[in-house]
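Worksheet: the structure to be examined is printed underneath.
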Amino acid sequence: MKKIRFTPLQLLIHSAAWFPLARLVVEAITGDLTVNPIQHIEQRTGRAAITLLFLSLAATPLNSLFRWQEVIRHRRTLGLYAFMYATMHVVIFADLDYGLAWSYILETVLQKPYILVGALAFLLLIPLAVTSFDIWKVRLGKNWKRLHRVVYIIAPLVVLHYAWGKKGTFFALQGDILLPLIYGLILVLLMVLRIPGVRRFIASMPNRPGVSPDKPDASAQGSPREG
């Protein structure tokens, strides 16, 4: 049988992706889920989803900055892990928190804008997860890349959902908004690094890590699998 070998980056990604869930299991076994366990689990799975989604978005800038091509191959893995935690987040909200009382859930979604924004982000994430496999790249052709650009809408929505749900005023920088603010700043940075002019400037820097002065930088021309 052919041996399956994992690179250090693959091991790191899979270990880090399963860590939040493993931690929740340990906390459940030891009775350390705080006085409000459902809210605790909701928040943990939500943060894990956002973090993994942002890591998938960071793959292209990391390749542009450091010519780290391996990380590009794991964008799909990171994105699917993000979808897994987002699904858990939604299921916990709908089942454990609201007991699948759909009329009450719908009423709550419509009354609380931050939940409506989060629901919209999750619904937009579903087709990206379903079509993330290679067979859909072939079936959709050029439309596959157009579809997956929806992630640039999803990312701001999840930051807004997170910030709006905290006890504070995000835009006035008041209250418990430190983590949402950090995610927001990271998102701005990731988007700036995707601007073609910025990417070309970075690619033209000869002394950046991972670049040999004797070899041309292919990242300046982009990648056919870039998303």
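Residue 78 in my numbering sits at position 78 of the sequence shown, with consecutive numbering throughout.
C-beta atoms are modelled at their ideal positions from N, C-alpha and C, and glycine is treated no differently.
What you are looking at is a predicted structure, and each value in this text was computed from that prediction instead of being measured.
- A Cβ-Cβ distance of about 22 Å is found for the pair valine 192 and histidine 161, leaving them out of contact under the 8 Å criterion.
- Rounded to whole angstroms, phenylalanine 122 and valine 151 show a C-alpha spacing of 11 Å.
- Every unbroken stretch of the alpha helix (DSSP H) spanning 4 or more residues and falling wholly within the segment 111 to 141 is given here in chain order: 113 to 130 and 134 to 140.
- In the three-state DSSP reduction, aspartate 32 falls in the coil class, being neither helix nor strand.
- Between threonine 34 and phenylalanine 201, the alpha-carbon positions lie close to 48 Å from each other.
- Leaving aside the five residues that flank alanine 94 on each side, the residues in its chain whose CB is nearer than 7 Å to its CB run, in chain order, Leu100 and Ile105.
- Leaving aside the five residues that flank tyrosine 114 on each side, the residues in its chain whose CB is nearer than 7 Å to its CB run, in chain order, His161, Trp164 and Gly165.
- In the displayed model, lysine 145 falls within a helix according to three-state DSSP.
- Note on alanine 22: under 16 other CB atoms within 10 angstroms of its CB, so exposed under the neighbour-count rule.
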